[in-house]
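K.L.:
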Ligand code: LMR
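Numbering (this note's numbering), first residue to last: 5 to 319.
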C-alpha cells in the first residue's frame, strides 16, 4: 500500500478593510489582530488588512461585508445608522459620556451586548468595541465658543445625531466619506470638521485647518464586526482562537488610543500651522449648554430608555 502525502488545506482568508491610516489605534490593532491570528492558528488563517479606504470607502465596506466580499471591519459606531440601526447613534450624543470609564461600563456591559446583538439581523456579528477617545473641533477660523462655528460648513459622519449637533451650533453639516475629508478641507468644500486628534493628525488635516478646539464633545469608537455566515462556518477551535486574538487586539487598540491621541495633539502644536485651544471650565459649560437641545431632539429617534440607561451609568 502506498501512502499519499497529506495535502495542506489552503489557509482561510480574512480580508479586514478599514478607512484610517495604519498609524492609528484602529490601524495598529488591525495589524496586531493579523499578527496574532496568523501566529496562533499556525498559518491556518491568513489576514489581509486594507487600510486607508484602499479597498472600500465607508458605505461600501458595510455592503461588502454583508455580501461576503470582505470578512471583517471596524467601522465607527456613527456609521451603523446607515443600516437602519439608529440606537448606535446614541454614542454620538454630545457629552453623553463624562469619561472613558463610563464608556467602558456601557460597552462592556448589557447595553453594549444588546446593541451588538442588533447587528445579527443584518447578517453581521459584533465581536468587540474599539475605543478612539473624544473628538476635537477644527476649522479655518478661530474656535473657542460654540457660536464660532455659526454659518460654517462642517464635515460629519453620516449620522442624524451629528447633523443635529452641527445644526445646534448654527453650522451646516455635510456628511462625507472619511477618505474625502482632506480634499474637502483643502478645497474649501467644508470649513471644518470633528475627529479625534489621531485621525486629524494621521490624515494631515492640520495642514489645512488653522484652528483646533479641544472640546472633547463627542465620542468616537468602533465595533469590530464580521460576516455572520463566514464566522459561523469556521471550525469551532479556530473561531475560539480568533476571538481570543480579538480580545488582545482590543487591548492594543485601547492602549494606543490613549497614547496616540495625546501624542497627535502635541505633534499638531509642533507643526505650528494650527492653533490649539484648550477650553476653560466656563467655555466647556457653554459648549455643553449649546448641545443640550440635541439630546431632546434625538429622544424621538434613539430609544429614550437607552439614553436614560447611559445617563444612569454616567451618574
Ligand atoms: C470618520 O469617518 O470621521 C471616522 O469614523 C473614521 C474612522 O474610522 O475613525
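Idealized CB from N, CA, C, for every residue including glycine.
For residue 135, which residues from the same chain have a beta carbon less than 6 Å from its beta carbon, with the 5 sequence-adjacent residues on both sides left out?
P.N.:
225, 258 and 261
K.L.:
Do you know offhand how far residue 71's Cα is from residue 81's?
P.N.:
20 Å
K.L.:
Taking Cβ to Cβ, would you say residue 153 is nearer than 8 Å to residue 181?
P.N.:
no
K.L.:
Rank 278, 178 and 106 by C-alpha distance to the C-alpha of residue 318 and give the top, closest one.
P.N.:
106
K.L.:
Can residue 16 and residue 129 be called in contact, C-beta distance under 8 Å?
P.N.:
Their beta carbons are not under 8 Å apart, which means residue 16 does not touch residue 129 by this criterion.
K.L.:
Quick check on the DSSP output: the beta strand (DSSP E) that includes residue 198 runs from which residue to which?
P.N.:
196-199
K.L.:
Out of 29, 46 and 11, point me to the one whose CA is closest to residue 245's CA.
P.N.:
Minimum Cα distance to residue 245 is reached at 46.
K.L.:
Does residue 217 come out as helix, strand or coil in the three-state DSSP assignment?
P.N.:
strand
K.L.:
Report, in whole angstroms, the separation of the C-beta atoms of residue 216 and residue 189, which I expect to be a contact under 8 Å.
P.N.:
Between residue 189 and residue 216 the Cβ distance is about 12 Å, and since that is not below 8 Å, they are no contact.
K.L.:
Run through the DSSP bridge pairs and tell me what residue 22 is partnered with.
P.N.:
DSSP output for residue 22 lists no bridge partner at all.
K.L.:
Along the chain, where does the alpha helix (DSSP H) containing residue 315 start, and where does it finish?
P.N.:
308-318
K.L.:
Compare the C-alpha of residue 196 against each of 162, 170, 150 and 144 and name the closest.
P.N.:
144
K.L.:
Less than 7 Å between C-beta atoms, sequence neighbours within five positions excluded: which residues of the same chain meet that for residue 102?
P.N.:
318
K.L.:
Using 7 Å as the cut-off, classify the Cβ of residue 152 as near or not near the heavy atoms of ligand 1, replying yes or no.
P.N.:
Outside the cutoff, so no.
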